[in-house]
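Every letter in the sequence shown is one number past the one before it in the numbering used here, and letter 215, counting from 1, is 235.
Virtual Cβ for every residue (Gly too), placed ideally from N, Cα, C.
Everything numeric in this text was worked out from a predicted model, so none of it was measured.
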Amino acid sequence: MADVSATGHTYYPWCRVDLHVRLEDLTSSVKESAQLKSKLMLWIESEVSKSVAVATGESPATVSGQKGLTVSASGVESDMVRISAIQPVEVTVEDNGFRTANTATVRIPWKDAPFMSVMIRSALLDVYMGSATAAQFGQGVLQDLLSSYIHRISPRQARQLVRFRGWVDSWVDSHGDSGDWLELQARDYTALLLDSKVPAGTRVPLTGSPSAAGISGNPARLDNVIRTMIGVVPQVRGMLVQVVGHDPTTLPNVVLNRLRGGITAKDLNKSKAKAGASKKPAHEGASYWDMITDLCVSHGFIPRVNLDRLEIASPRVLYESKGRAMGIKEKNAYEVQEASGTRRFARRMIYGENIEGIRYSRKLGRHTVSAVAAVSFDPTQKDASKRVIQEVYPKQAGAKKTPGGSGSVTIKTITAPSGVTDRKALAALAEAVYEMMARNELVASFSTRDLSSHVTSRQDQVFLNGSKVDPVAGADMLSLMSGDPIEIIINPADYNPEARRFSDLQEWFVRGGPAKAIARLKLMGFSETAAKKMAQLVQRGLPKLFRVRNSRLHFLNTEGIQIEVEATNYIDVRANAARKDDFFAANPTTTPTGGVSPAGG
């Protein structure tokens, strides 16, 4: 099951599962219940394989050393049984984006968690994934391996070994000739907010409640309003709300006319004066998570459930992040590999090196969008109500009145990267997204068994080999999140003669350069304009920078871990400069009318 990465580093992928199980109370008295539970625990300890540890009444913080973890009041409690370090047969973890819940599917031997479905009231699932060196793998592939990591690394690093935490939706124990198996399906904590529907007529609070957990400072501030909202949902009451990458005191006040189907500024002022809640009720059938995402996106932020806490981040933190690798100097929860002063702001994947297969797709059918509104956040504004700025493209769409949110104009709201406070830049971003949607997104899909992204320096090599830090730090692809930037490279033939080539046209570039490639195309019957256009596109190469739409981690105990990623093309507000060796930039008369601009790659 050992794998060799593109760097030559040999590692052993591993996966472990923890279960926190609350049993049904099928007895008629507290005493009888305690006696039954005691007998049940003796039976479990005798039946569970020796590789599995059993405990009761212990939170993840107590057992795994992850001090400071926050769980809701409905989380791990004293009546829950914990079975730790289960070695699964198969695990799939899917990151589905911030608007819906992440999911996990687990298959384990029934003897490791010998509960029949009739015995279970609820269950919490933790999935750990990482990599180990050969020496560490030899120390023990079961509980000893996980325990050695937990005791040697910091609580924050230990938390990052958890690739999924969520509540089990489906518990199926099957028995037959093929063996005794337990199959679990779970969703993360986002599901608790998705499944909680907002009662009809509920108003969005304009200010946070002083009694809500974690409220401090300005009660009308975005994070405080969200704390108040989740405080009314029993399943997540007490969940930690964190602002990532920003000083919370600089966050804007909630402005409800930015909400989907929101209210006018006039009505907003009236509702402030009267009751401290919006005059516009929530949409019928909307969930609390719908309301939270609407609030965040409309104010220039992205909400994200990270295990058992809710994080509010700007797009720059999430989309231009520095990742979450371990054993490094961490300035926020999304640091990426940073070794000996070398930084990379996007994971790099190279076809032919650490990508097994790649697929590009684009739907060419007509797709229209009425308008795009780009929203940004300016923390320098002293007036908190003016910290959110917005530009709409096309302009005339923003001028049309659609009372109550009705009408034919559909405005898609996007959030700009942090620091973009210039209205011209914001308008350019709105126009770029509008044009991208009009021509449809380019989607790149690839799979890999490399747990680390491509390294380009000796410092990175040392970093990943574990000479200076724990080798788990190098497994940065395991912590990939939706929204993260990723660089997908297919080396153009004029960069690397040994690179894989998709067409003969690239081969012609290697052998004779752009001019001879154009001449060859003309001999094949292409017009001069078409030949130049094709040659120009080949030299530019495919777009490199993408944004992760969703990802999938698949562990099989006989094969290791496979990672599947789907990403969409990424719009950069700051145009790239032309390459110094750009044939068409150096020969502007050669570029046909309507050709790709130097920033188009």
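Taking 7 Å as the limit between beta carbons, can you name the residues of its chain near I409, skipping five residues before and five after?
Here the question's residue 409 lines up with position 389 in the sequence shown. Excluding positions up to five away in sequence, the list reads S396, D398, T441, R443 and L446.
DSSP three-state assignment for V109, whether helix, strand or coil:
Numbered from 1 along the sequence shown, position 89 holds the residue referred to as residue 109. Reduced to three states, the DSSP call for V109 is coil.
Return yes when the Cβ of L498 is within less than 8 Å of the Cβ of T588, no when it is not.
In the sequence shown, the residue the question calls residue 588 occupies position 568. In the sequence shown, the residue the question calls residue 498 occupies position 478. Contact flag unset, no.
Find out if the Cβ-Cβ distance for the pair V192, A143 is shorter than 8 Å.
On the sequence shown, position 172 is the one that residue 192 refers to. On the sequence shown, position 123 is the one that residue 143 refers to. No; because the gap between Cβ atoms is not below 8 Å, this pair is not in contact.
Helix, strand or coil for T433? Go by DSSP, reduced to three states.
Counting from one through the sequence shown, the residue named residue 433 turns up at place 413. T433: strand per DSSP, three-state reduction.
Look at the Cβ atom of A129, then the Cβ atom of W201, and state whether they are nearer than 8 Å.
To locate residue 129, count along the sequence shown from 1; it is residue 109. To locate residue 201, count along the sequence shown from 1; it is residue 181. Rather than Ala, the amino acid found at residue 129 in this sequence is Pro. Taking 8 Å as the Cβ cut-off, P129 and W201 qualify as a contacting pair.
Starting from D146 and walking both ways along the beta strand (DSSP E), at which residues does that stretch end?
Taking the first residue of the sequence shown as 1, we reach residue 146 at position 126. That run of the beta strand (DSSP E) goes I140 to A152.
Under three-state DSSP, which class holds G545?
What you label residue 545 is simply residue 525 of the sequence shown in a count that begins at 1. Here G545 sits in coil by DSSP.
Are three or more beta carbon pairs between the stretch 534–547 and the stretch 467–474 nearer than 8 Å?
no
Simplified DSSP assignment, three categories, for S318:
Working through the sequence shown from its first residue, we reach residue 318 at position 298. Of the three classes helix, strand and coil, the one that applies to S318 here is helix, per DSSP.
Short of 7 Å in beta carbon distance, which residues of its chain neighbour H40, apart from the five on each side in sequence? Order them along the chain.
In the sequence shown, counting from the first residue as 1, residue 40 sits at position 20. The answer, listed in chain order, is V96, M100, R102, A143 and L144.
The beta strand (DSSP E) with V182 in it runs from where to where?
As a position in the sequence shown, residue 182 is number 162, starting the count at 1. V182 -> beta strand (DSSP E) spans V182 to G196.
Between the Cα of E376 and the Cα atoms of I510, I250, R407 and V218, which residue gives the shortest distance?
Here residue 376 refers to the residue found at position 356 when the sequence shown is read from its first residue. Cα-wise, what sits closest to E376 is I510.
State the DSSP-derived secondary structure class of G533, mapped to helix, strand or coil.
The residue you call residue 533 lines up with position 513 of the sequence shown. Looking at G533 - three-state DSSP - the assignment turns out to be helix.
For L242, the first and last residue of its enclosing alpha helix (DSSP H):
Walking along the sequence shown from the start, residue 242 turns up at place 222. L242 -> alpha helix (DSSP H) spans L242 to G251.
A211 versus Y308, I506, V252 and Y454, residue with shortest Cα-Cα distance:
Walking along the sequence shown from the start, residue 211 turns up at place 191. The residue with the shortest Cα to Cα distance from A211 is Y308.
Please report the straight-line C-alpha distance between R36 and R379, rounded to a whole angstrom.
On the sequence shown, position 16 is the one that residue 36 refers to. On the sequence shown, position 359 is the one that residue 379 refers to. Between R36 and R379, the C-alpha separation is close to 31 Å.
Kindly indicate which three-state DSSP category E411 falls into: helix, strand or coil?
For the purposes of this step, residue 411 is identified with residue 391 of the sequence shown, where counting begins at 1. Here E411 sits in strand by DSSP.
S318 to I431 span [Cα, whole Å]:
The sequence position of residue 318 within the sequence shown is 298, counting from 1. The sequence position of residue 431 within the sequence shown is 411, counting from 1. Each residue's alpha carbon lies about 12 Å from the other.
Measure the C-alpha to C-alpha separation of I250 and K217 and round it to an integer number of angstroms.
For the purposes of this step, residue 250 is taken as the residue at position 230 of the sequence shown. For the purposes of this step, residue 217 is taken as the residue at position 197 of the sequence shown. The straight-line gap from Cα to Cα measures roughly 12 Å.
Unbroken beta strand (DSSP E) run spanning T588, endpoints:
Here residue 588 refers to the residue found at position 568 when the sequence shown is read from its first residue. Segment G580 to N589, the beta strand (DSSP E) holding T588.
Using 10 angstroms around the beta-carbon of H266, count the other beta-carbons present and answer buried if the total reaches 16, otherwise exposed.
As a working note, residue 266 is residue 246 in the sequence shown. Counting Cβ neighbours within 10 Å, H266 comes out buried, since at least 16 surround it.
Smallest Cα separation from G503: which of G258, A393, L565 and L541?
By 1-based counting over the sequence shown, the position of residue 503 is 483. Closest by alpha carbon: L565.
Alpha-carbon spacing of T125 relative to N577, whole angstroms:
Numbered from 1 along the sequence shown, position 105 holds the residue referred to as residue 125. Numbered from 1 along the sequence shown, position 557 holds the residue referred to as residue 577. Rounded to whole angstroms, T125 to N577 spans 14 Å at the Cα level.
Just curious, the alpha helix (DSSP H) that T210 is in, first and last residue?
Mapped onto the sequence shown, residue 210 falls at position 190. Note, T210: alpha helix (DSSP H), T210 to L214.
is_contact[N238, chain C] using C-beta, thresh 8 Å
Protein chain content of the structure displayed is limited to a single chain, and chain C is not contained in it.
Compute the Euclidean distance between the alpha carbons of L204 and A366, then round it to the nearest angstrom.
The count along the sequence shown starts at 1 and reaches residue 204 at position 184. The count along the sequence shown starts at 1 and reaches residue 366 at position 346. If you take the alpha carbons of L204 and A366, they lie about 34 Å apart.
Using a Cβ-based criterion (distance less than 7 Å to any ligand heavy atom), does A535 qualify as near the ligand NAD?
The ligand NAD is absent from the structure shown, which contains no ligands of any kind.
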